[in-house]
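Student:
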Amino acid sequence: MRLSTKSATLLVLALLIVATPFFFPSAYYYRVGALVFVNGIAVTGLVILTGYAGQISLGHAGFAGIGAYASALGPTHLSLPPSLSVLLGAALSALIAFLVGRPILRLKGYYLAVATLGFGILVSMVLANESGITGGPDGVQVAELGLRDLLASLGLKLKAPVFWYAFSGVVLLVGAWLALNLYDSPTGRALRALHGSEVAAKTVGVDVPRVTLQAFVISAVYASVAGSLLALQNRFVTPDIAGYMYSIELVTMAVFGGAGSVFGAIFGAGILTLLPQALTFLAEYEQLMLGLIMVLVMIFMREGLVPSALRLIRGRGA
Amino acid sequence: MPELMQFLLSGATVGAVYALVALGFTIIYNASDIVNFAQGEFVMLGGMITVFAHMAGLPLPLAALLAIVVTAAIGVALNKLAIEPARGAPVVSLIIITIGASIFIRGAAQLVFDKQLHRFPAFSGDDPIAVLGATILPQSLWVIAGALAVFIGLWLFFTKTLTGLAVLATSNNRLAAQLVGINTSWVMTLSFALSAGIGALAGVLVTPITLTRYDVGIALALKGFAAAMLGGMGSPHGALVGGILLGLLEALTAGYISSQYKDAAAFIVILAVLFAMPQGIFGAKRTERV
Amino acid sequence: MSLLSVSGLGIEFGGVRAVHDVSFSADPGEIVSVIGPNGAGKTTLFNMISGVYLPGSGSITLAGEDVTGMSPHRLAERGLSRTFQNLQIFQQMTVLENVIAGHHLHERGSVFADMLHLPSSRRRSKAAEVGAMALLERLGLARAALQEAGSLSYGTLKRLEIARALALKPKVLLLDEPAAGCNAVETEEIDRLIAEVAAEGVAVLLVEHDMKLVMRISSHIVVLDHGEKIAEGDPAAVSRDPRVVEAYLGAHAKEAAHADG
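Residue numbers (UniProt numbering), protein chains in the order written: chain R, 1 to 318; chain U, 1 to 290; chain F, 1 to 261.
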């Protein structure tokens, strides 16, 4: 029997999440793993927007910033528990994506890229300048999520890095499951159809502004949740999270691994998160490498690493 | 009143730089329908190469000339190595390629040069000139004059020379241009050289005022794009007017509203223009063919 | 009143009149062909009727409702479907998925149900898949169902577009050169299919260069030249019309001259 892409992806992801810790030489690696998962969550959102619907966003770090600062400021300014603050951040991101997306998504190509880029930069500018609320460029402390204490009171004591590794891993799995469900659903087909030919999608009845807006809002929620998780596990956040470079990194992760494939994009997030960690002695070359990867992948493997590799394997098999 | 005059003068100076970046965008966009997000890096290269060549002992004019020539060569290399191999790629891929190239150039500049802020002496000294109660630096006049000279030069090139007309023909219809014997690949090379050279010139002119560093390119690219869009993508006089307008708007925002949010002015302009009049002030309306 | 009626329709591109003052109508079960030399404005006319271009003048009425300038997806909701002269296939999707996507109006629903894979979403998908499979059978494409559409031949893709357009269960179907690039056998199949679809009560609008096919199946022919309607009537009348003969011969003579130069 052949496994569907969905089951195979979820199975492989789950196996990787459970099995890799057996090879971790120190607790530090749990932190790196959790970072991979958090980036994976944000990138899965971009799979829906860019991979399925073919719309680019160079401003999704803005939503990560909204999610991160919601979880930081909710407890201090609104006396909300951190867990509710995460949800508030997601709702706020969805609302902002809805309001901004309506006009922005009428744009195409370069204009959409620049408009989203501008949006992201505006968010990071507000976060850095409104220091009375956000703590300004120096950043702000983030409260403890509290879930770890809850687990401990139930008898499951986890060290912070282990907890965050496991928790981010579970959220990533859920995120991947939702995105894979969408792929093979009526909405997912409508998105992929408009990616293939916008005019043909319209003539089969796809309400293009409506479905692109849905994709934009969903991907914003993914980025927001990722931002919240990052802030909560670092217990600290600065406006850099909403910065231009993080938006670009997310897009690069997605297209490097393969924006059209959930597994590919998460794989891309993994590689591009691990590389700088593994090659710290090359830190000076980080931008050079990132730029080079972006150019080379788009010239030689437009579909990304994983889909191109799969095509090669299948081509041989047939 | 002198206050307003001061804002207008500094706005016009910055605006002239944006206009030069926007002209660079326009040249490549007209030749290939590509928006080159690495445009701002040319400005950075122009400034940085001049700084380092001058430090190495070259006289300033020679250092500036070297910077423009080297940057033009880098522009041509960008076209040959990254844009040409991706011909026919979807817009999303081209966006990622030119952004990747801009990050690559920035990363290389950081290695080859350094991470410090640099400047070199102004061409005609630093004594401000009084104008209607405000003052302007002699170097600002150089910047504004440079933008006007480039604009006039481009206008002459595109309307009076055979080569310029060939570039225009290519922008109108690539296939038809090839059929009448225009070497469109050479037109692309020329456009990138010209565009990069103009970017580098902007860097040479403005560095004594604003200083330069390896990472100044991206902000300039965004503002240049905003200016080009404000004027109407693909229109040279649109680029000039859009650049100056954006510069003035930024200076007035900084002066009367908040200097922290002066950079926001560009993005608010982008968004407003995109929604209110997507074809800009001078742009042509396009109909999609099916 | 006719199902589809077009009156005084016109559009300009940069001052050039691409289509000017064209009127005609189509009833259920009719096959109305639009013919004319290259550049006569046939595809432009189709693009206006299907909402891809906004007409500069004139009006379009569908089942009594003024639909001038309505967006394509709203026209689809009202039962107007089309194919394209230059294929507009969803290349990265399988053949089956292309036709399921054609069922979009019947299968669309809550995005939350879709993401959570709820039974309601699965039911909608399944129904669309069954319908799509039936259409693929009908067009002889069932064997290619799971192939990526981008890998198929031109003639196959032409049929796939028709299958996708039929998935909408249209009342009005616009076919832009369905037989272009098809061999004799395929052309005959398309010929039969168009007749069948019309017999089911669909108003078919056809742009086609294969004159034998047009003369054989059309109930009514509209002739365009330089964007204007120069003749209209049943096949026999149109083929005798001297203006039509001149438009075609003139155009052919000009084309021959261009080909030399």
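Ideal placement from N, C-alpha and C gives every residue a C-beta, glycine not left out. The structure presented is a predicted model; accordingly, all values stated were derived computationally and were not measured.
Going straight from the alpha carbon of Leu194 of chain U to that of Gly59 of chain R, what length do you get?
Tutor: Rounded to the nearest angstrom, the two C-alpha atoms are 31 angstroms apart.
Student: Where Ala200 of chain R and Ala127 of chain F are concerned, what is the direct C-alpha to C-alpha distance, given to the nearest angstrom?
Tutor: Those two C-alpha atoms are separated by around 22 angstroms.
Student: Starting from the C-beta of Gly46 of chain U, find all residues in its chain whose C-beta is less than 7 angstroms away, skip the five residues before and the five after it, and write them out in chain order.
Tutor: Taken in chain order, the residues that qualify are Ala67, Ile68, Thr71, Gly199, Ala200, Leu201, Ala202, Gly203 and Val204.
Student: Under 7 angstroms Cβ-Cβ, which residues of chain U neighbour Pro103 of chain R?
Tutor: Residues of chain U passing the Cβ test: Phe275.
Student: To the nearest angstrom, how far is the alpha carbon of Thr116 of chain R from that of Val32 of chain R?
Tutor: When rounded, the distance between both Cα atoms is 29 angstroms.
Student: Could you name the residues of the same chain whose beta carbon sits closer than 6 angstroms to that of Phe37 of chain U, not counting the 5 residues immediately before and after it, in chain order?
Tutor: Closer than 6 angstroms at Cβ, skipping near neighbours: Thr98, Ile99, Ser102 and Ala221.
Student: Which residues mark the beginning and the end of the alpha helix (DSSP H) in which Lys6 of chain R is found?
Tutor: Lys6 of chain R -> alpha helix (DSSP H) spans Thr5 to Ala19.
Student: For a contact meaning CB atoms closer than 7 angstroms, what does Val206 of chain R contact in chain F?
Tutor: Within chain F, the residues near Val206 of chain R are His73 and His104.
Student: Phe102 of chain U CB to nearest chain R CB: under 9 angstroms?
Tutor: Note that residue 102 of chain U is Ser in the sequence shown, not Phe. Yes, contact with chain R.
Student: Quick one: what's got a C-beta closer than 7 angstroms to Gly243 of chain R's C-beta in the same chain, skipping five residues either side?
Tutor: Within the same chain, Gly243 of chain R has close Cβ partners Ala61 and Ser124.
Student: For Met211 of chain F, is the classification buried or exposed, using 16 other Cβ atoms within 10 angstroms of its Cβ as the cut-off for buried?
Tutor: So Met211 of chain F ends up on the exposed side.
Student: Compute the distance between the beta-carbons of Ser120 of chain F and Leu80 of chain F, then report whether it is under 9 angstroms.
Tutor: Result no, Cβ atoms of Ser120 of chain F and Leu80 of chain F do not sit closer than 9 angstroms.
Student: Using a Cβ-Cβ cutoff of less than 6 angstroms, which residues in the same chain neighbour Leu229 of chain R once the five nearest sequence positions on both sides are dropped?
Tutor: Closer than 6 angstroms at Cβ, skipping near neighbours: Val38 and Ser168.
Student: Using the Cβ count rule (16 or more neighbours within 10 Å means buried), how would you classify His54 of chain U?
Tutor: Label assigned to His54 of chain U: buried.
Student: First and last residue of the alpha helix (DSSP H) that includes His54 of chain U?
Tutor: Where His54 of chain U is concerned, the enclosing alpha helix (DSSP H) stretches over Gln39 to Met55.
Student: Could you tell me which of F:Ile35, F:His73, F:Val32 and F:Gly69 sits nearest to Val211 of chain R, measuring between CA atoms?
Tutor: Out of F:Ile35, F:His73, F:Val32 and F:Gly69, F:His73 has the C-alpha closest to the C-alpha of Val211 of chain R.
Student: What residue from R:Val126, R:Ile48, R:Met253 and R:Tyr183 has the CA that sits closest to Asp240 of chain R's CA?
Tutor: The shortest Cα separation from Asp240 of chain R among R:Val126, R:Ile48, R:Met253 and R:Tyr183 belongs to R:Val126.
Student: Mind checking which residues open and close the alpha helix (DSSP H) that includes Gly133 of chain R?
Tutor: Reading the sequence as shown, one finds Ile at residue 133 of chain R and not Gly. Note, Ile133 of chain R: alpha helix (DSSP H), Ser131 to Thr134.
Student: Within 10 Å of its beta-carbon, does Ser93 of chain R have 16 or more other beta-carbons around it, so buried, or fewer, so exposed?
Tutor: So Ser93 of chain R counts as buried.
Student: Show which residues of chain R have a CB atom less than 7 angstroms away from the CB atom of Val35 of chain U.
Tutor: In chain order: Tyr110.
Student: Exposed or buried, which one is Pro61 of chain U when buried takes at least 16 other CB atoms within 10 Å?
Tutor: Exposed, because fewer than 16 other Cβ atoms sit within 10 Å of the Cβ of Pro61 of chain U.
Student: Counting only C-beta atoms, is Val21 of chain U closer than 9 angstroms to chain R at any point?
Tutor: Answer no: the Cβ-Cβ gap between Val21 of chain U and chain R never drops below 9 angstroms.
Student: Check the Cβ-Cβ distances between Pro61 of chain U and every residue of chain R, and say whether any is below 9 angstroms.
Tutor: Not an interface residue.
Student: If the criterion is Cβ atoms closer than 9 angstroms, does the pair Leu236 of chain R and Gly136 of chain R meet it?
Tutor: It is worth fixing the name first, because residue 236 of chain R is Phe in this sequence and not Leu. In this structure, Gly136 of chain R does not lie closer than 9 angstroms to Phe236 of chain R by Cβ.
Student: Please state the DSSP three-state secondary structure of Gly8 of chain F.
Tutor: Strand at Gly8 of chain F.
Student: Is the Cβ-Cβ distance between Val167 of chain U and Ala226 of chain U less than 9 angstroms?
Tutor: Cβ distance not < 9 angstroms, so Val167 of chain U and Ala226 of chain U don't count as in contact.
Student: For Ile41 of chain R, which residues in chain U fall below 9 angstroms Cβ to Cβ?
Tutor: Residues of chain U passing the Cβ test: none, with the nearest at roughly 21 angstroms.
Student: Taking CB distances under 9 angstroms as the criterion, tell me whether Ser308 of chain R reaches chain A.
Tutor: The question asks about chain A, but that chain is absent: this structure's protein chains are R, U and F.
Student: Beta-carbon of Ala91 of chain R versus every beta-carbon of chain U: anything under 9 angstroms?
Tutor: It does not: the Cβ of Ala91 of chain R has no partner Cβ on chain U nearer than 9 angstroms.
Student: Could you check if Ala132 of chain F is buried or exposed, using at least 16 other CB atoms within 10 Å of its CB as the buried criterion?
Tutor: Buried.
Student: Kindly identify the DSSP beta-bridge partner or partners of Asp176 of chain F.
Tutor: In DSSP, Asp176 of chain F forms a bridge with F:Val207.
Student: Under 8 angstroms Cβ to Cβ from Met1 of chain R, same chain only, skipping five residues before and after it: list those, please.
Tutor: Since pLDDT at Met1 of chain R reaches only 47, below the 50 mark, its modelled position is unreliable, and no value is offered.
Student: Taking 7 angstroms as the limit between beta carbons, can you name the residues of its chain near Gln110 of chain U, skipping five residues before and five after?
Tutor: Excluding residues within five positions, the ones whose Cβ falls inside 7 angstroms are Tyr214.
Student: Using 9 angstroms as the limit for Cβ to Cβ distance, is Arg119 of chain U near chain R?
Tutor: No - not a single Cβ of chain R is within 9 angstroms of the one on Arg119 of chain U.
Student: Which same chain residues, not among the five before or five after Ile293 of chain R, have their C-beta less than 7 angstroms away from its C-beta?
Tutor: Here the set comprises Thr252 and Phe256.
Student: Under three-state DSSP, which class holds Lys80 of chain U?
Tutor: Correct three-state label for Lys80 of chain U: helix.
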